[in-house]
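Enquirer: Mapping of the sequence shown onto our numbering: position 37 corresponds to residue 283, and the numbering continues sequentially without gaps.
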Amino acid sequence: MYKRIDGKEVSSYIKNQVKIEVEKLAEQGVEVSLAVIIVGNNPASRVYVNNKKKACEATGIISHEYALSEETSEAELLNLINKLNSDEKINGILCQLPLPEHIDEKKVIEAISPMKDVDCFHAVNVGKLWLGEYEFAACTPMGVMLLLDYYGIDVEGKNCVIIGRSNIVGKPMASLLLEKSATVTVCHSRTQNLSFFTKNADIVIAAVGKAKFVTADMIKEGAVVIDVGINRDENGKLCGDVDFENVKEKASYITPVPGGCGPMTIAVLMKNTLAAAKNQNNI
Ligand code: NAD
247 MYKRIDGKEV SSYIKNQVKI EVEKLAEQGV EVSLAVIIVG NNPASRVYVN
297 NKKKACEATG IISHEYALSE ETSEAELLNL INKLNSDEKI NGILCQLPLP
347 EHIDEKKVIE AISPMKDVDC FHAVNVGKLW LGEYEFAACT PMGVMLLLDY
397 YGIDVEGKNC VIIGRSNIVG KPMASLLLEK SATVTVCHSR TQNLSFFTKN
447 ADIVIAAVGK AKFVTADMIK EGAVVIDVGI NRDENGKLCG DVDFENVKEK
497 ASYITPVPGG CGPMTIAVLM KNTLAAAKNQ NNI
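#1: For residue 303, collect the residues of the same chain with a Cβ closer than 8 Å to its Cβ; drop the 5 residues on either side in sequence, then sort them by chain order.
#2: In or out: residue 512 buried (at least 16 other Cβ within 10 Å) or exposed?
#3: Quick one: what does DSSP say residue 371 is sitting in, helix, strand or coil?
#4: Could you check if residue 337 is buried or exposed, using at least 16 other CB atoms within 10 Å of its CB as the buried criterion?
#5: Helix, strand or coil for residue 357, going by three-state DSSP, please let me know.
#6: Let me check you understand the geometry: is the CB of residue 456 closer than 7 Å to at least one non-hydrogen atom of ligand 1?
#7: Return yes when the Cβ of residue 489 is within less than 8 Å of the Cβ of residue 477, no when it is not.
#8: Between residue 354 and residue 327, is the Cβ-Cβ spacing less than 8 Å?
#9: With 16 other CB atoms within 10 Å as the buried threshold, where does residue 410 fall?
#10: Report all residues from its chain with a CB closer than 7 Å to the CB of residue 432; omit the five preceding and five following residues, and keep chain order.
#11: Could you check if residue 368 belongs to the surroundings of ligand 1, using beta carbon to heavy atom distance under 7 Å?
#12: Please work out which residues of its chain come closer than 8 Å, Cβ to Cβ, to residue 429, disregarding the five sequence neighbours upstream and downstream, and give them in chain order.
#13: Based on DSSP bridge pairs, tell me the residues matched to residue 310.
#14: Is it the case that the stretch 252 to 264 contacts the stretch 389 to 396, given that we only count it when at least three CB pairs across the two stretches are under 8 Å?
#15: May I ask you to report which of helix, strand or coil DSSP gives residue 252?
#16: Note down, in chain order, each residue of its chain lying with its Cβ closer than 7 Å to the Cβ of residue 378, except the 5 sequence neighbours on either side.
#17: Shorter than 7 Å, the distance from the beta carbon of residue 305 to the closest heavy atom of ligand 1, or not?
#18: Which of the three DSSP states, helix, strand or coil, is assigned to residue 409?
#19: Any contact of the stretch 454 to 467 with the stretch 491 to 505, i.e. 3+ C-beta pairs under 8 Å?
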């Protein structure tokens, strides 16, 4: 019998912890604030930004939204980031991706001060993550680690297979699992015989971006299955990378989509913003 990992429950728990700390800081006269930049009218980005603002409200973090038009130039955006970098009232800066094509995302990521880079995309923070000396970890992979921890799933010595090697999910996921002494395999689009790896995994983490990509025959009996994917199925319904209905019969633990990793990403963003504020105030 499988157990459904409830990302909503765990994210509420994390946000509540953040809220308690934010209130304590307020008593010391320290406010915690996050600047959220959105460029253009991408509907998915708008939903993400609104959800982040709601999480700020729930945790007592002050959010400042900078909604810029699609025509904003790269120079204008970099200028805004520079201002926010030197604004003492701003603790975290988040620039919602993707950006319009005429703006170089890499330049934008590198322009955000590493101390305020609560998404953990800056090269300095990525390096610190791999050294195990980090203030912030990438939100989605850290969300997965917190889910595993909450359910008492120890990764030490376990055979963990990540499907996907992106900079925002697959690679930092590998780093965090390694830090906790898991044996980590990262599979990707060029991996040959993917099932060979997944069938031997105690924990499978799917971050592919393809609906129902991970099927029951790819999973060993009793495996933990974490689904990071956010896709639409043939009926336009939200679904993950895992064929949930069939895989759940073999899994010991499994995350649903929605309600699994998604809410955790935002909860970790709040946690990171709090960490940034504490850091900047030497607390
Ligand atoms: P990406 O497109 O950058 O990376 C996808 C990865 O999948 C690549 O590394 C690629 O090598 C691998 N891949 C593609 N086809 C494959 C195949 N046939 N076999 C094995 N590997 C294959 O995507 P991403 O940004 O890492 O996101 C992955 C998914 O996670 C997307 O659905 C995205 O929407 C979702 N996501 C969710 C959250 C969240 O908060 N839950 C956050 C970030 C991303």
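Note that the Cβ used here is the ideal one computed from N, Cα and C, for glycine as well. Because the structure is a prediction, the values reported are computed rather than measured.
Expert: Result, derived from the coordinates:
#1: In the sequence shown, residue 303 corresponds to position 57, counting from 1. So the qualifying residues of the chain are 309.
#2: Numbered from 1 along the sequence shown, position 266 holds the residue referred to as residue 512. Counting Cβ neighbours within 10 Å, residue 512 comes out buried, since at least 16 surround it.
#3: Working through the sequence shown from its first residue, we reach residue 371 at position 125. In this structure, residue 371 counts as helix in the three-state DSSP scheme.
#4: By one-based count along the sequence shown, residue 337 stands at place 91. Buried is the call here.
#5: Along the sequence shown, read from residue 1 onward, the residue named residue 357 stands at position 111. In this structure, residue 357 counts as helix in the three-state DSSP scheme.
#6: Residue 456 sits at position 210 when you count from the first residue of the sequence shown. Yes, the beta carbon of residue 456 sits closer than 7 Å to at least one heavy atom of ligand 1.
#7: As a first step, residue 477 is located in the sequence shown; it is residue number 231 there, counting from the start. As a first step, residue 489 is located in the sequence shown; it is residue number 243 there, counting from the start. No. Outside cutoff.
#8: Numbered from its first residue, the sequence shown carries residue 354 at position 108. Numbered from its first residue, the sequence shown carries residue 327 at position 81. The beta carbons of residue 354 and residue 327 sit closer together than 8 Å.
#9: Your numbering for residue 410 matches position 164 in the sequence shown. So residue 410 counts as buried.
#10: Numbered from 1 along the sequence shown, position 186 holds the residue referred to as residue 432. Correct list, in chain order: 408, 411, 416, 420.
#11: Stepping through the sequence shown from its first residue, residue 368 is reached at position 122. Answer for residue 368: no, Cβ out of range of ligand 1.
#12: For the purposes of this step, residue 429 is taken as the residue at position 183 of the sequence shown. Counting only Cβ-Cβ distances below 8 Å, and skipping sequence neighbours, we find 403, 404, 405, 406.
#13: Numbered from its first residue, the sequence shown carries residue 310 at position 64. Answer is 281, bridged to residue 310.
#14: yes
#15: Position 6 of the sequence shown holds residue 252. Coil at residue 252, not helix or strand.
#16: The residue labelled residue 378 in the question sits at position 132 within the sequence shown. The answer, listed in chain order, is 425.
#17: Your numbering for residue 305 matches position 59 in the sequence shown. Every heavy atom of ligand 1 is 7 Å or more from the Cβ of residue 305, so no.
#18: Locating residue 409 in the sequence shown gives position 163, counting from the first residue. Looking at residue 409 - three-state DSSP - the assignment turns out to be strand.
#19: Yes, the stretch 454 to 467 touches the stretch 491 to 505.
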